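There are 2 protein chains.
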Amino acid sequence: MSVMFINLFEVPAGRDEAFRALWQQVNTYMQGQPGYQGHRLHRALGGDARYRYANVVTWESAEAWQSGHDDGFRELVRQPGWREFPNTPALYEVVDSNQPATQARA
Amino acid sequence: MSVMFINLFEVPAGRDEAFRALWQQVNTYMQGQPGYQGHRLHRALGGDARYRYANVVTWESAEAWQSGHDDGFRELVRQPGWREFPNTPALYEVVDSNQPATQARA
Chain A
3 MSVMFINLFE
13 VPAGRDEAFR
23 ALWQQVNTYM
33 QGQPGYQGHR
43 LHRALGGDAR
53 YRYANVVTWE
63 SAEAWQSGHD
73 DGFRELVRQP
83 GWREFPNTPA
93 LYEVVDSNQP
103 ATQARA
Chain B
3 MSVMFINLFE
13 VPAGRDEAFR
23 ALWQQVNTYM
33 QGQPGYQGHR
43 LHRALGGDAR
53 YRYANVVTWE
63 SAEAWQSGHD
73 DGFRELVRQP
83 GWREFPNTPA
93 LYEVVDSNQP
103 ATQARA
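Next comes the structure, spelled out in structure tokens:
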């Protein structure tokens, strides 16, 4: 069963470029991991959102998601630049939808 | 341009049924609003997630989203039962994806 990983990022106004550069590094790495199926990075339209960025990622399974967050991943997110951008991550399953399940897959 | 509305819900463990009943009322109403394109309700797989539910909704435009949250909507969310389930809503646009844009639409 596909699972959804949602990660919410606190990004101060004006710091988008620095955030996006760090995020891109991690995302490029994760796309190469087995079981990674796709992502959508959302940016808030209003400046007052608590989480100005939200990444919604589809993984083949909870096991693939866990294995994908390996030493290479940890090395990337250990960079000091990330301290500026706290994140709130959690793993989910879709429990209600009026969209075909296949749309969640890459 | 389609926009994404993400709403994060704090739902105490064991209160899923009460939350889902309230959410279903609102969701049924919103599905009938012009410009509503689709949703996915996510439930956390772990019990320790800050937001145990996350709803990701696609709207045709920011204007449709705003108009859709009308008096009928406000009446539904004014019900006392909602006080138990704080929510964190924000409107987003997708700024990075490896999934075709059409997959975001119903």
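Same order as they appear, the protein sequences are chains A and B. The first sequence begins at 3 in this note's numbering and counts up by one. The second sequence begins at 3 in this note's numbering and counts up by one. A virtual CB, placed ideally from N, CA and C, is assigned to each residue, including glycine. Being a predicted model, the structure only gives us computed values, none of them experimental.
R42 of chain A is positioned such that its CB atom lies no closer than 9 Å to that of D18 of chain A. Along the stretch 47–79 of chain A, the alpha helix (DSSP H) occurs as fully enclosed runs of 4 or more residues at 64–70 and 73–79, listed in sequence order.
H71 of chain A is outside the set of residues whose beta carbon lies under 9 Å from a beta carbon in chain B. For L43 of chain A, the nearest CB of chain B lies under 9 Å from its own CB, placing it at the interface with that chain. With respect to F87 of chain B, L24 of chain B sits close: the two C-beta atoms are nearer than 9 Å. Taking each of B:R76, B:P36 and B:Q81 in turn and checking the Cα distance to A66 of chain B, the smallest one comes out for B:P36. Collapsing the DSSP output to three states places N100 of chain B in coil. Secondary structure at G40 of chain B: strand, using DSSP grouped into helix, strand and coil. When the beta-carbon positions are compared, M3 of chain A and H44 of chain B stay at least 9 Å from each other.
When DSSP reads this structure, N9 of chain A sits in a beta bridge with A:N57 and A:P91. Across the stretch 76–91 of chain A, CB contacts with chain B closer than 7 Å involve T90, in sequence order along the chain. With contacts defined by Cβ atoms closer than 9 Å, V59 of chain B and Q39 of chain B form a contacting pair. Taking the C-beta atoms as reference points, G49 of chain A is found no nearer than 9 Å to W61 of chain A.
About 17 Å separates the beta carbon of A92 of chain B from that of A92 of chain A, a gap too long to meet the 8 Å contact definition. Comparing alpha-carbon positions, the option among A:G74, A:G16 and A:F11 lying closest to Q33 of chain A turns out to be A:G74.
Rounded to whole angstroms, the gap between the alpha carbons of A15 of chain B and N89 of chain B is 16 Å. By the CB criterion at 9 Å, A64 of chain A and N9 of chain A fall outside the cutoff.
Residue burial annotation: V13 of chain B is buried, with at least 16 other C-beta atoms found within 10 angstroms of its C-beta. Remark: C-beta atoms of Q27 of chain A and D98 of chain B do not approach each other more closely than 9 Å. Going by C-alpha positions, D72 of chain A is about 10 Å away from L78 of chain A.
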